[in-house]
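**Student:** Note that the protein sequences, when read in sequence, are chains A and B.
Under the working numbering, the residue at position 180 of the first sequence is numbered 953, and the numbers go up by one with no gaps.
Under the working numbering, the residue at position 326 of the second sequence is numbered 1099, and the numbers go up by one with no gaps.
Note that CB positions come from ideal geometry on N, CA and C, so glycine has one too.
There are 2 protein chains.
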Amino acid sequence: MTQVKGSKKAREQLAHLGRDVLNAIQKGEAPKLKIPSRTTSNIVYDPKHRYYVLGTKFSLRTAASMKQVKKFAQLMCVADFAAELIERGKFATLREMYYTAEGWETGPFADQSESDLLVEDLEAMFGLKRENLGLMPEEDGAAVFGELVVQEGNVRIDATKAGRAGYTIPPTIDDVEFVKCKAKRVIAVETMGMYHRLVQEEAWKKFDALIVGLKGQAARATRRFLKRANEELGLPVYLFTDGDPFGFHIAMVIISGSAKLAYINHELAVPNAQFIGVTASDIVEYNLPTDKLRELDVTRLKQLLRDPRYNNEFWQKEIKKMLELGKKAEQQAFAKYGLEYVVKEYLPAKLGLKG
Amino acid sequence: MTQVKGSKKAREQLAHLGRDVLNAIQKGEAPKLKIPSRTTSNIVYDPKHRYYVLGTKFSLRTAASMKQVKKFAQLMCVADFAAELIERGKFATLREMYYTAEGWETGPFADQSESDLLVEDLEAMFGLKRENLGLMPEEDGAAVFGELVVQEGNVRIDATKAGRAGYTIPPTIDDVEFVKCKAKRVIAVETMGMYHRLVQEEAWKKFDALIVGLKGQAARATRRFLKRANEELGLPVYLFTDGDPFGFHIAMVIISGSAKLAYINHELAVPNAQFIGVTASDIVEYNLPTDKLRELDVTRLKQLLRDPRYNNEFWQKEIKKMLELGKKAEQQAFAKYGLEYVVKEYLPAKLGLKG
Chain A
774 MTQVKGSKKA
784 REQLAHLGRD
794 VLNAIQKGEA
804 PKLKIPSRTT
814 SNIVYDPKHR
824 YYVLGTKFSL
834 RTAASMKQVK
844 KFAQLMCVAD
854 FAAELIERGK
864 FATLREMYYT
874 AEGWETGPFA
884 DQSESDLLVE
894 DLEAMFGLKR
904 ENLGLMPEED
914 GAAVFGELVV
924 QEGNVRIDAT
934 KAGRAGYTIP
944 PTIDDVEFVK
954 CKAKRVIAVE
964 TMGMYHRLVQ
974 EEAWKKFDAL
984 IVGLKGQAAR
994 ATRRFLKRAN
1004 EELGLPVYLF
1014 TDGDPFGFHI
1024 AMVIISGSAK
1034 LAYINHELAV
1044 PNAQFIGVTA
1054 SDIVEYNLPT
1064 DKLRELDVTR
1074 LKQLLRDPRY
1084 NNEFWQKEIK
1094 KMLELGKKAE
1104 QQAFAKYGLE
1114 YVVKEYLPAK
1124 LGLKG
Chain B
774 MTQVKGSKKA
784 REQLAHLGRD
794 VLNAIQKGEA
804 PKLKIPSRTT
814 SNIVYDPKHR
824 YYVLGTKFSL
834 RTAASMKQVK
844 KFAQLMCVAD
854 FAAELIERGK
864 FATLREMYYT
874 AEGWETGPFA
884 DQSESDLLVE
894 DLEAMFGLKR
904 ENLGLMPEED
914 GAAVFGELVV
924 QEGNVRIDAT
934 KAGRAGYTIP
944 PTIDDVEFVK
954 CKAKRVIAVE
964 TMGMYHRLVQ
974 EEAWKKFDAL
984 IVGLKGQAAR
994 ATRRFLKRAN
1004 EELGLPVYLF
1014 TDGDPFGFHI
1024 AMVIISGSAK
1034 LAYINHELAV
1044 PNAQFIGVTA
1054 SDIVEYNLPT
1064 DKLRELDVTR
1074 LKQLLRDPRY
1084 NNEFWQKEIK
1094 KMLELGKKAE
1104 QQAFAKYGLE
1114 YVVKEYLPAK
1124 LGLKG
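1. Mind checking residue 1067/B: buried by the 16 CB within 10 Å criterion, or exposed?
2. Have a look at 955/B, 986/B, 959/B and flag the residue whose alpha-carbon is nearest the alpha-carbon of residue 966/B.
3. Where residue 822/B and residue 811/B are concerned, what is the direct C-alpha to C-alpha distance, given to the nearest angstrom?
4. Taking all protein chains shown into account, decide if residue 1016/A is buried (16 or more other Cβ within 10 angstroms of its Cβ) or exposed.
5. Could you tell me whether the Cβ of residue 1086/A comes closer than 7 Å to any Cβ of chain B?
6. Compare the C-beta of residue 940/A against all C-beta atoms of chain B and say whether one is closer than 7 Å.
7. Out of curiosity, what's the CA-to-CA distance linking residue 791/A and residue 839/A?
8. Is any beta-carbon of chain A found at less than 7 Å from that of residue 749/B?
9. Whole angstroms are fine: how far does the CA of residue 891/B sit from the CA of residue 897/B?
10. Which runs of the alpha helix (DSSP H) at least 4 residues long sit entirely within the stretch 1063–1128 of chain A? Give them in chain order.
11. Residue 911/B and residue 866/B: beta carbons closer than 7 Å?
12. Ignore the nearest five residues each way along the sequence and tell me which others in residue 1083/B's own chain have a CB closer than 6 Å to its CB.
13. Just verifying my parser: in three-state terms, what is the DSSP assignment at residue 775/B?
14. Name, please, each residue of chain B whose Cβ falls closer than 7 Å to the Cβ of residue 1001/A.
15. With a floor of 4 residues, list each alpha helix (DSSP H) that falls wholly inside the stretch 990–1055 of chain A, ordered by position along the chain.
16. If you draw a straight line from the C-alpha of residue 775/B to the C-alpha of residue 927/B, how long is it?
17. Which residues of the stretch 1087–1117 of chain B have a Cβ closer than 8 Å to any Cβ of chain A? Give them in chain order.
18. Answer yes or no: do residue 952/A and residue 917/A have a C-beta to C-beta separation smaller than 7 Å?
19. Bridge partners of residue 916/A, per DSSP?
20. Skipping 5 residues on each side, what residues in its chain have a beta carbon closer than 7 Å to that of residue 1006/B?
21. Name the residues in the stretch 973–1005 of chain B whose C-beta lies less than 7 Å from a C-beta of chain A; which are they?
22. Mind listing, in chain order, the continuous alpha helix (DSSP H) runs of no fewer than 4 residues lying wholly within the stretch 853–882 of chain A?
23. Less than 7 Å between CB atoms is the rule here; does residue 1052/B satisfy it with respect to chain A?
24. Quick check: the stretch 1022–1031 of chain A against the stretch 986–1004 of chain A, are at least 3 beta-carbon pairs closer than 8 Å?
25. Compute the Euclidean distance between the alpha carbons of residue 1096/A and residue 1074/A, then round it to the nearest angstrom.
26. Mark residue 785/B as exposed unless 16 or more other C-beta atoms lie within 10 angstroms of its C-beta, in which case mark it buried.
27. If we cut at 7 Å on Cβ distances, does residue 935/A have a partner in chain B?
28. Any idea what DSSP makes of residue 955/B, helix, strand or coil?
29. For the stretch 1007–1034 of chain A, enumerate the residues whose C-beta is nearer than 8 Å to any C-beta of chain B, in chain order.
30. Evaluate residue 851/A with the Cβ neighbour count: other Cβ atoms within 10 Å of its Cβ, from every protein chain shown; 16 or more gives buried, anything less gives exposed.
31. Quick one: list the residues of chain B neighbouring residue 944/A, beta-carbon separation under 7 Å, in chain order.
32. Residue 855/B and residue 845/B - do their beta-carbons sit closer together than 7 Å?
33. Taking 7 Å as the cut-off, decide whether the C-beta atoms of residue 938/B and residue 913/A are in contact.
34. Applying the 10 Å Cβ sphere with the 16-neighbour rule, what's the burial state of residue 1127/B?
35. So with CB distances below 7 Å, who are the chain B contacts of residue 859/A?
36. Assuming residue 834/A is part of the beta strand (DSSP E), what are its boundary residues?
The following block contains the structure:
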């Protein structure tokens, strides 16, 4: 198994961290660490980058404090575990690390949220994703179908020849090399129903597109894939979701990142991605089958109106219009006009490809 | 796109259904249909087959009843939709069919559960899966890694060369041909964390196994794949889940099917599959990190004790022991002894492959 890109940098930062701590001890000082604060007050929306980032606040963690020394030691163990993973070219899940800790000198964690937080500490300190520390997400990423050839270790995969269900983005996506790409754009869709519709109608050929099936809220690996497709391959990324607050949220987390992951959004957010999901205007224009907004939908939509990520003319207008209509619609609703309609009419119109 | 196996039989049964209805009308009689009852009282556990089946009760649906005529007409529309899908070599989701019905003469359904029930009627009448009627599940199946070569239409896929995330079982699994298989067994695991551990440790090579990542409760396509691997390829199937009531349930639904799908378990259940998941005895023997049973776990375990599928010595003993212990353990808990332990120790012991 080859090592993740970025893991070399991570290995250097881990060594640096170790040296700093050791130097302090040898000088007879208590080692201390500056850890970027991830409390709400230190999470800010950066309009220039168009995603959430951390502010400038830090907390200090020192081995000299009785209150902090255990956490300090545990952080050293986590760093050591990561260094070993990188050196052995291995990956582990956060869950596996949590269980591995049963054997550490610091003793087991009370629960996994404790060990997860220490990993976030390292991510925030280094400005690196935990994947670069050998810690992979449990879940696989999205399905991809289209003219893209990738290399994973010594295996080459053509995303038109991995089966109908497509090429699955692995948790270790940074380790995947883009070898060849004939596609000119990415169309990412919320549901696997729509993914299979687009594959079946050969939308990947018709639109020269990589079809990406998000499976709902996008996994970390998917977001990283979309960012790399956008930045490395220069492909515009289009997001086709349901016309409801959850669909908008799925798209916006891809575009602008989440507040929770502010410390790592520079590696995950795709601010240039474009929303082509179902809007309130589409509901009217296409006379789509709808469901009534539930109370929760209304609450969520009102929250979005005040969310800085939705602070532009398009979103303000469409969210208000949806609240007025009191209705939402799913992406599969276009089947009202036949299974092919979404590929023949809706997508060409949204992509500006209508002849 | 080629057609599903079984779709020829489905097409014939649809034509037969149409002829019967037409004949009745031409004779001046009201057409009527015998539909196998799927109420609880008609679902029985069959100890011979070792899965749930439908009993012998039927309900009659006739076009002569004012109360039933709409449902009768809707069923004809669903049958017609399925016939067209098969003829065009297409697939649609249940959701797409629900929306397509907006354009039918019978008018739209009040909600999707109505149209879904009509599809179940056809499945039960024909003894065929809805996939054979061109109606595919939304969700993809499990990930597969190992020495299996399959053919999907004109694409050939080697499940050791589809990427680290493996070959994804498509919703249209019946359409997939098994071309070559060097593996001698299937090891299906509950979590993707464990799937990636086994792929990383090359367990597929070590155990001559297809590694299947279930992603929790197995999708229909996964269950069908496991059944075909067991019956067509003659591979023993081993199920490695967490040691908790949900893990047991995941395994048992694969083995004996669910009561809800009694009408189609003969196409989905894998009664020969063997449970090698974490047991109460393993918790003690391996001194595993555990969590306390929650109240819900205790309730579920007590239900399992009375469930006919668990009515044998092994399950009765292990469930009682878990209740006594008051503890459960996850499959990743073996990481306590190092990331490789599960492959070096636990699995060889469970598979009887310990040298």
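**Tutor:** If we stick to the structure as given:
1. Here residue 1067/B corresponds to residue number 294 of the second sequence, with the count starting at 1. The residue is exposed, with fewer than 16 neighbouring Cβ atoms inside 10 Å.
2. Sequence index remark: in the second sequence, residue 966/B carries index 193 (1-based). Residue 966/B has its Cα closest to that of 986/B, out of 955/B, 986/B, 959/B.
3. Counting from 1 along the second sequence, the entry for residue 822/B is found at position 49. Counting from 1 along the second sequence, the entry for residue 811/B is found at position 38. Taking the straight line from one Cα to the other gives about 18 Å.
4. One-based indexing of the first sequence puts residue 1016/A at position 243. When all chains shown are included, residue 1016/A counts as buried.
5. In the first sequence, counting from the first residue as 1, residue 1086/A sits at position 313. No, no contact with chain B.
6. What you label residue 940/A is simply residue 167 of the first sequence in a count that begins at 1. Answer yes: the Cβ-Cβ gap between residue 940/A and chain B drops below 7 Å somewhere.
7. Position 18 of the first sequence, counting from 1, holds the residue named residue 791/A. Position 66 of the first sequence, counting from 1, holds the residue named residue 839/A. Roughly 21 Å between the two C-alpha positions.
8. Beyond the ends of chain B as shown, which are 774 and 1128, falls residue 749/B; an answer cannot be given.
9. Here residue 897/B corresponds to residue number 124 of the second sequence, with the count starting at 1. Here residue 891/B corresponds to residue number 118 of the second sequence, with the count starting at 1. If I take the Cα positions, the gap works out to 10 Å.
10. 1068–1079, 1086–1098, 1120–1124
11. One-based indexing of the second sequence puts residue 911/B at position 138. One-based indexing of the second sequence puts residue 866/B at position 93. Yes, the Cβ-Cβ distance between residue 911/B and residue 866/B is below 7 Å.
12. One-based indexing of the second sequence puts residue 1083/B at position 310. 1077.
13. Translated into the one-based positions of the second sequence, residue 775/B becomes position 2. Legend: pLDDT at residue 775/B = 42, less than 50; position of this residue unreliable, no value from coordinates given.
14. Counting from 1 along the first sequence, the entry for residue 1001/A is found at position 228. By Cβ distance, chain B contributes nothing, its closest Cβ being about 15 Å from residue 1001/A, past 7 Å.
15. 993–1004, 1018–1029, 1038–1041
16. Within the second sequence, numbered from 1, the residue matching residue 775/B stands at position 2. Within the second sequence, numbered from 1, the residue matching residue 927/B stands at position 154. Confidence is the limiting factor: at residue 775/B the pLDDT is only 42, short of 50, which leaves the residue's position unreliable and the question unanswerable from this model.
17. 1103, 1105, 1106, 1107, 1108, 1109, 1110, 1111, 1112
18. Against the first sequence, residue 952/A aligns to sequence position 179. Against the first sequence, residue 917/A aligns to sequence position 144. Taking 7 Å as the Cβ cut-off, residue 952/A and residue 917/A do not qualify as a contacting pair.
19. Numbered from its first residue, the first sequence carries residue 916/A at position 143. Looking at the DSSP assignment, residue 916/A forms a beta bridge with 941/A, 986/A.
20. As a position in the second sequence, residue 1006/B is number 233, starting the count at 1. Hits under 7 Å: 951, 954.
21. 973
22. 867–873
23. Here residue 1052/B refers to the residue found at position 279 of the second sequence. Taking a beta-carbon distance threshold of 7 Å, residue 1052/B does not count as an interface residue toward chain A.
24. yes
25. Position 323 of the first sequence holds residue 1096/A. Position 301 of the first sequence holds residue 1074/A. Cα-Cα distance, rounded: 7 Å.
26. For the purposes of this step, residue 785/B is identified with residue 12 of the second sequence, where counting begins at 1. By the 10 Å Cβ count, residue 785/B comes out exposed.
27. Against the first sequence, residue 935/A aligns to sequence position 162. Interface residue, yes.
28. Translated into the one-based positions of the second sequence, residue 955/B becomes position 182. When secondary structure is reduced to three states using DSSP, residue 955/B falls in the coil class, being assigned neither helix nor strand.
29. none
30. As a working mapping, residue 851/A is identified with position 78 in the first sequence. The residue in question, residue 851/A, is buried, as its Cβ has 16 or more Cβ neighbours within 10 Å.
31. Residue 944/A sits at position 171 when you count from the first residue of the first sequence. Residues of chain B passing the Cβ test: 969.
32. Indexing the second sequence from 1 puts residue 845/B at position 72. Indexing the second sequence from 1 puts residue 855/B at position 82. Taking 7 Å as the Cβ cut-off, residue 845/B and residue 855/B do not qualify as a contacting pair.
33. Here the question's residue 938/B lines up with position 165 in the second sequence. Here the question's residue 913/A lines up with position 140 in the first sequence. A contact, by the Cβ cut-off of 7 Å.
34. As a working note, residue 1127/B is residue 354 in the second sequence. The residue in question, residue 1127/B, is exposed, as its Cβ has fewer than 16 Cβ neighbours within 10 Å.
35. By 1-based counting over the first sequence, the position of residue 859/A is 86. Result: empty, since nearest Cβ-Cβ is about 14 Å, beyond 7 Å.
36. Numbered from its first residue, the first sequence carries residue 834/A at position 61. Residue 834/A -> beta strand (DSSP E) spans 831–835.
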